[in-house]
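Just so you know, we're using full-length UniProt numbering here: the sequence shown kicks off at 1 and counts up by one.
Backbone N, C-alpha and C define an ideal beta-carbon position, used for all residues, glycine too.
Keep in mind the model is a prediction, meaning the values are calculated, not measured.
Quick notes on the structure that follows.
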Amino acid sequence: MAARTHTGMRGISAVPSYVVMQPTTLCNLDCVYCYLPLRAVDRRMPLTVAEAVAASVNPWAASERFSVVWHGGEPLAAGREHLAALLAPFGPAVEHHVQTNATLIDDAWCAFFAEHGIRVSVSVDGPRARNGERVTRGGRPAYDRILAGVAALRRHGLPFSALAVVSRPEPGLATELYDYFLDLGCDVLGINIEETEGVNTRTNARDAAAVTGFWAELVAAWRRDPRIHLREIEWSLRYAGAVLAGTADDLLPRRLDPIPTVSHDGSVVVLSPELAGFTDPRYGDFSSGNVLTTPLAEILAGAGRTPWVGEFLTGVEACRSSCPYFGFCGGGHAANRYFELGRFDGTETEHCRNSKIRLLEGVLEHARDHESPAA
Ligand code: SF4
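Take a look at the structure:
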């Protein structure tokens, strides 16, 4: 299935397709697997940071589709008034998204989303019993509050995506989750196998057959009723189709999307939001600059010179020359390499095994199991 020659994706693009913004470091929950180091403190983004980012983003949005993703912490913990002020400098062509734990969503927030055209993505791990690790700061289950937020979205007719973390893949789970999300009413679903990153140091080494089986079962569940855009499965099928059509080399972008994350204080970390807020004796604070002193466009134009980014690009080339899954994966995420391997120029991680290699293997396993006898 793996195409052998991949000429695309060399270096980093100077223009992203979206920017991640951190309106506050605070989160009102304290999920057990969370990677965020400052989630107990409320460091809010000043308006000057949003104005500086918008000065670069507005011209980009005038020529290409462009999104700002308000992430956190919990972005709604910044409050409607502050979030409205942060949104104000962005022009009408910019699309806004929030990634939220949904616990603060009520009628007033729904009116706010509608007024500002904000697309909502909810973090929820499945039915009540699967959300035991999504807890309040006092350690109490957050599930009822998450569902109340989702109910408000549905009452207001606001479409939403869902993002689920799977910590223990096991037989039956994929079907249970897919059926749950059909009932929940989301129109897009992303599934992350838990990752070892940030302050979450739990191992993500998983049994290979269990993970492959999880993805294979998820394809089967989705094919029975493909009403939800299932992010990982659609990527995989698109890649499989391109390999069969001989066009796999066209799937990866020509250059890596820099995906800048702008922290509450204006510092910019490219490629991996999970690196924001960390420091390392070798790599410093991972930032490529600060929008309060340098325009974002200029920071991104020079991002390839950030020392750890150069090391990461070496790792991407190592993946290109050694890994049969490169055409699908494109070399993985910087943060996973750093938090698993302690550096950026390694190749395989547990994350890429769980979320790229075994994903593709699971799709192929499903295809083999459902092969027509006449084929
Ligand atoms: S990150 Fe992993 S799956 Fe992706 S190309 Fe590198 S070794 Fe292959």
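Exposure of Ser63 is indicated by the presence of fewer than 16 other C-beta atoms within 10 angstroms of its C-beta. In this structure, Ala77 lies near Asn28, with their beta-carbon atoms less than 8 Å apart. Between the alpha carbons of Arg80 and Val122 lies a gap of roughly 17 Å. For the ligand SF4, a non-hydrogen atom lies closer than 7 Å to the CB of Gly331. If you ignore the 5 residues before and after Thr48, its C-beta comes within less than 7 Å of the C-beta of Leu292, all in its own chain and listed in chain order. Judged by DSSP secondary structure, Asn192 falls within the beta strand (DSSP E) whose first and last residues are Val188 to Ile193.
By the beta-carbon neighbour count (other beta carbons within 10 angstroms, threshold 16), His366 is buried.
Leaving aside the five residues that flank Leu359 on each side, the residues in its chain whose CB is nearer than 7 Å to its CB run, in chain order, Trp215, Glu232 and Ser236. Segment contact: the segment 313 to 321 against the segment 341 to 351, three or more CB-CB distances shorter than 8 Å; contact assigned. Between the segment 288 to 305 and the segment 260 to 277, the count of C-beta pairs closer than 8 Å reaches three or more; the two stretches touch.
Separation of Ser287 and Ile12 (C-alpha to C-alpha, rounded to the nearest whole angstrom) is 15 Å. For the pair Asn336 and His351, the Cα-to-Cα distance works out to about 7 Å. Out of Pro171, Glu361 and Asp183, the CA that lies nearest to the CA of Ala151 is found in Asp183.
Contact check between the segment 133 to 144 and the segment 18 to 34: three or more CB pairs, one atom from each, fall below 8 Å, which counts as touching. Here the C-alpha atom of Gly310 lies approximately 6 Å from the C-alpha atom of Gly304.
For the pair His97 and Val120, the Cα-to-Cα distance works out to about 6 Å.
Shown here for Gly117: same chain residues with a beta carbon closer than 8 Å to its own, the five before and five after excluded, namely Glu95 and His96 in chain order. Taking 7 Å as the cut-off, the C-beta of Ile357 counts as close to a heavy atom of the ligand SF4. For Val150, the enclosing alpha helix (DSSP H) has its first and last residue at Tyr143 to Arg155. Nearest Cα to Pro169 within the set Gly213, Leu147, Leu158 and Asn131: Gly213.
Closer than 7 Å to some heavy atom of the ligand SF4: that describes the Cβ of Glu348. For Tyr325, the distance from the CB to the nearest heavy atom of the ligand SF4 is below 7 Å. At a Cβ-Cβ threshold of 8 Å, Pro75 and Leu87 do not count as neighbours. Residue environment analysis places His370 among the exposed positions, since fewer than 16 neighbouring C-beta atoms fall within 10 angstroms of its C-beta. Secondary structure note for Thr136: it is in no alpha helix (DSSP H), with a DSSP letter that is neither H nor E. Between Tyr33 and Val165 a beta carbon distance of about 6 Å is seen, short of the 8 Å cut, so the two are scored as contacting. For Phe66, the enclosing beta strand (DSSP E) starts and ends at Phe66 to Trp70.
Cβ contact annotation for Asn192 (same chain, cutoff 6 Å, sequence separation greater than five): Val165, in chain order.
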